[in-house]
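Read in my numbering, the sequence shown has 42 at position 56, and its numbers run on one by one without any break.
Ideal Cβ positions, reconstructed from N, Cα and C, are used throughout, including at glycine.
Single-structure report; data block below.
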Amino acid sequence: RWNVTESFVGIGIMSTGIAVGLNKGFPVEKKARPAGRCKGAKTAKAELCREVVREVSGLLAYERRLMDMLKIGGASAEKRMYKFAKKRLGTHKRANKKKEDVKDVYARMRAKNA
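What follows is the structure, given as structure tokens:
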């Protein structure tokens, strides 16, 4: 079985017109296609939609508990917030992101009230 090496990938080598081999098949010109949209990339529309939903629906119950932990404060408030978020969300990365999000929301609330 033939393996296509990395040197051949993406170069766009023309077919040879021969029925066997790496570049087998009828020689045709490749169509120039526009670049597809990047899945997962943030778009302005999606960002606006998320912002509106967050504004209308407010915080989830566990996010409110995180906010309370932040308000109460104390020496290990951040650590307790992280541990609680990790238990709810499952991963280190998600917990840290959620902790930062809640801190950001709290900071915006305080700035708005001040």
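For this session: Mind checking which residues open and close the alpha helix (DSSP H) that includes M55?
Result: 47 to 58
For this session: Specify the secondary structure class of R15 as computed by DSSP and reduced to three states.
Result: The sequence shown places Glu at residue 15, rather than the Arg named in the question. Here E15 sits in coil by DSSP.
For this session: Can you give me the Cβ contacts of A71 inside the same chain, cut-off strictly under 7 Å, excluding the 5 residues immediately before and after it?
Result: L52, A81, K84, K85
For this session: Return helix, strand or coil for M0, following the three-state DSSP convention.
Result: coil
For this session: Compare the Cα-Cα distances from E15 to each of V91, G3, E37 and report the closest residue.
Result: G3
For this session: Could you have a look at V6 and say whether DSSP puts it in helix, strand or coil?
Result: coil
Exercise. Under the rule that 16 or more other beta-carbon atoms within 10 Å means buried, what is M95, buried or exposed?
Worked result: With fewer than 16 other Cβ atoms within 10 Å, it is exposed.
For this session: Leaving out five residues on either side along the sequence, give the residues of the same chain with a beta carbon under 7 Å from the beta carbon of F12.
Result: S1, G3
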